[in-house]
Every structure is written in structure tokens, then in C-alpha cells.
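Each residue of the sequence shown is one higher than the last, beginning at 1 in UniProt numbering. From the three backbone atoms N, C-alpha and C, an ideal C-beta is built for every residue, glycine too.
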Amino acid sequence: MKNLQGMSSPNHKAGFVNIIGKPNVGKSTLMNILVGERLSIISPKAQTTRHRIVGLTNTEEYQIVFSDTPGMLKPQYELHKSMMSFVNISLEDADIIVFVTDLYEKDTEIESIIERINNSGIPVLLIINKIDLAKEGQLEEVTQYWTERVKASTVIPVSALEKFNTERILQEILDRLPVHPPFYDKEELTDRPERFFASEIIREKIFKNYKKEIPYSAEVGIEDFHEDEKIIRIRASIFVERNSQKGIVIGEKGKMLKKVGIEARQDLEAFFGKQVFLETHVKVEPDWRKNKLKLKKFGYDPT
């Protein structure tokens with residue numbers, strides 16, 4: 001983190017805005033709209049965002065440090081416990097909390113986190129997403145349900161998919177952002193390295209192409225990332241927990257792995273803005289989701 005106090009005006013605003021909510025309510029879609037870059041992976045399956053991703057929105061007047069956290073859930077594996085620790089940390093350093101829910105979610109299993117949010121003293125924007133799907137009277141019922149549970153300074157109904165009313169979120173954030181010099185270089189978009197986004201893009205394709213336990217049992221490691229003027233060469237390993245899963249990921253005559261590779265390469269080229277050569281391998285890492293040391297290897301140690 002850089003101290004850039006001497007480079008900003010005395011009225012410059014800057015702060016940490018942490019996006020929190022249950023899995024699959026549209027947090028990643030919302031953050032990508034607010035940041036203006038595709039930083040979080042988007043998938044219809046729950047638990048796709050396993051890490052805390054920081055994206056920056058910069059102008060001459062302000063810097064917003066957005067953090068998209070993993071969906072709040074009841075931990076079942078060491079992996080889940082690690083994911084939830086990212087959520088807990090995000091409650092400690094936030095200037096503003098953006099609490100995202102939708103027309104269908106309830107507060108089941110997250111009552112303790114809601115209590116922490118309500119006792120934090122941090123301004124909360126309550127975002128009710130997916131209102132494009134609302135039936136008559138449903139939005140009013142959902143709004144009443146959540147305002148009785150979350151102490152919010154304002155409620156904003158949106159459709160992240162349709163980009164409806166999302167600009168109001170930005171204005172409400174700016175109204176509450178503290179006066180502070182920027183925390184990061186204004187040219188940066190995120191605090192994550194390029195390797196991280198390469199692995200996230202490949203992992204998104206795994207969520208898209210496989211069913212049942214495969215997406216949740218798979219992790220992507222970038223073994224080599226070499227960039228020159230015209231091309232980026234990436235060698236990636238897809239780790240699964242069992243040999244049977246390895247066979248499924250590879251597919252008959254390697255067809256599934258090839259499909260994932262082609263789709264990932266296309267998105268990688270769009271993301272990095274240059275040609276990408278992608279080489280993928282599948283490896284077995286038994287029970288990695290339950291092993292603290294293996295989780296640390298994959299970057300799930302929030303400290």
C-alpha cells in the first residue's frame with residue numbers, strides 16, 4: 001500500500017467499501033459494474049468467489065477501494081472457514097458496508113454476522129438485487145423483511161444484471177466516503193497480481209462446464225506466467241481431490257479440458273488485451289479443502 005498524501009487535494013475522498021452478502025445474490029456482478037472492469041468471476045453457482053478481491057474506482061476527486069467477499073455461509077470444510085475469515089476481516093476495515101441480498105434470500109445461518117454488522121457502527125447500504133424478477137408486492141415484502149433485520153442508512157432496489165439503479169449506489173457511497181488521501185496508486189485497478197486473475201478466469205470456466213461436485217472440488221494454480229511484447233504464455237494446473245474427478249475434468253479423449261482451455265484463453269485475451277498461449281494440466285491433491293496446509297498453498301490464509 002502506498003502513501004500518496006502529497007499527491008491529492010485536501011478535499012480528496014478515499015475509503016474501503018466492502019460488499020457482503022450470501023452466495024449467489026449478485027455481489028460479483030455488482031462490483032464489476034461499480035469498478036467498471038471485470039475483476040470478480042461471475043457464475044450462477046454459489047461460492048465462486050473464494051477470496052477477497054479488491055478493485056479500485058479512481059477519479060481526481062476520490063478513490064473507492066471495493067472488496068468483494070465470499071458469500072456468507074455456514075462453514076462445512078476448512079476451506080469454508082478460511083472463506084468466512086475473509087468476510088470477518090472485511091467487517092473490521094470497512095468505511096462503508098454494501099449489504100447485498102435479493103428477492104429470495106433469508107437471514108438463515110448468517111444471523112451472527114448481521115448482528116456484528118448492526119453493532120459495528122459502520123454505515124450500511126442495503127441493496128436488494130434482482131428486482132427485474134419481482135412479482136406484484138414482492139419488493140415491498142422483501143424490503144420490510146430486511147429493514148427489520150439490517151440497520152441500514154438507506155435501501156436501494158437494483159437489478160445488477162440490467163444495470164438498473166446501480167448508479168445510485170455509487171452516489172450513496174460518495175456521500176458517505178471520508179475525506180482521505182488515496183490508499184493506492186491511481187493507475188492501479190486492483191491489489192491482486194495478474195496470475196490471480198488468470199486462475200480466476202480458468203476457474204470460472206470450470207464452474208461453467210462441469211456439474212455436481214467438480215467445481216467445488218477444483219482449484220487452479222498458475223505454474224508459469226510469462227509475458228512479452230506480443231504474447232502471454234500461461235501454464236496452469238487444475239487440482240482436484242480424487243482420480244475419478246481428474247478423469248471427468250479431462251473428459252473423453254481430452255475434449256472437456258480442451259473446451260475449458262479454449263474458453264479460458266478467449267477470456268484471458270480479452271482481459272489482458274493481447275494474445276495468450278494457455279497450457280493446462282490436471283493434478284490430484286487429495287482432500288485439499290479440508291487440509292489447512294494445502295489451503296495455505298492455494299492462498300486461503302487471510303493473515
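I206 and L268 do not touch by the CB rule: their CB atoms are close to 14 Å apart, not below 8 Å. For F272, the enclosing alpha helix (DSSP H) begins and ends at K255 to F272. Under the DSSP assignment, T29 falls in the alpha helix (DSSP H) whose first and last residues are K27 to V35. Within the region 132-187, the complete beta strand (DSSP E) segments at least 3 residues long are 154-157, listed from N- to C-terminus. Secondary structure of I122 (DSSP, three-state): coil.
Under DSSP, V17 takes part in a beta bridge, and its partners are F66 and I96. If the five residues before and after V25 are omitted, its C-beta is found closer than 7 Å to the C-beta atoms of V100, T101, D102, E105 and N129, all from its own chain and listed in chain order. The continuous beta strand (DSSP E) containing E279 extends over residues Q275 to V284. Taken atom to atom, the span from the alpha-carbon of I33 to that of F66 is near 11 Å.
For S199, the enclosing alpha helix (DSSP H) starts and ends at E194 to N209.
DSSP lists S237 as the beta-bridge partner residues of G221. Per DSSP, I117 has no beta-bridge partner at all. With respect to the 9 Å criterion, L125 and V142 are not classified as neighbours on the basis of their beta carbons.
A straight-line Cα-Cα distance of about 30 Å links K208 and D228. The Cβ-Cβ distance between Q245 and I222 does not fall below 9 Å. DSSP places N243 within a helical segment (H, G or I) once states are collapsed to three. Judged by DSSP in its simplified three-state form, I110 adopts coil rather than helix or strand. The alpha carbon of L257 has as its nearest neighbour, out of V179, R203 and V249, the alpha carbon of V249. Between R235 and H180, the CB-CB gap reaches or exceeds 9 Å. In this structure, DSSP gives E227 an extended state, which the three-state scheme calls strand. Within the model, the alpha-carbon separation for F164 versus P157 is close to 9 Å. Between the beta-carbon of T57 and that of G36 there is about 7 Å, and that keeps the pair under the 8 Å contact cut. When the beta-carbon positions are compared, N18 and L133 stay at least 9 Å from each other. When beta bridges are read from the DSSP output, N58 appears opposite Q63. In this structure, the CA atom of V150 is about 33 Å from the CA atom of F196.
Take the alpha-carbon of V276 and the one of E252: they are about 25 Å apart. At least 9 Å separates the beta-carbon of R176 from that of I117. Closest in alpha carbon position to N119, among G261, A152, D224 and T29, is A152. The beta carbon of E172 is closer than 7 Å to those of L125, T154 and I156 in its chain, skipping five residues each way along the sequence.
The beta carbon of F239 sits closer than 6 Å to the beta carbons of E219, K283 and E285 from its chain, once the five residues preceding and following it are set aside; these are given in chain order. Of the candidates I127, E140, Q138 and W146, W146 places its Cα closest to the Cα of E115.
Non-local C-beta neighbours of R242 in its own chain, meaning closer than 8 Å and more than five positions away in sequence, comprise S217, V284 and P286, ordered along the chain.
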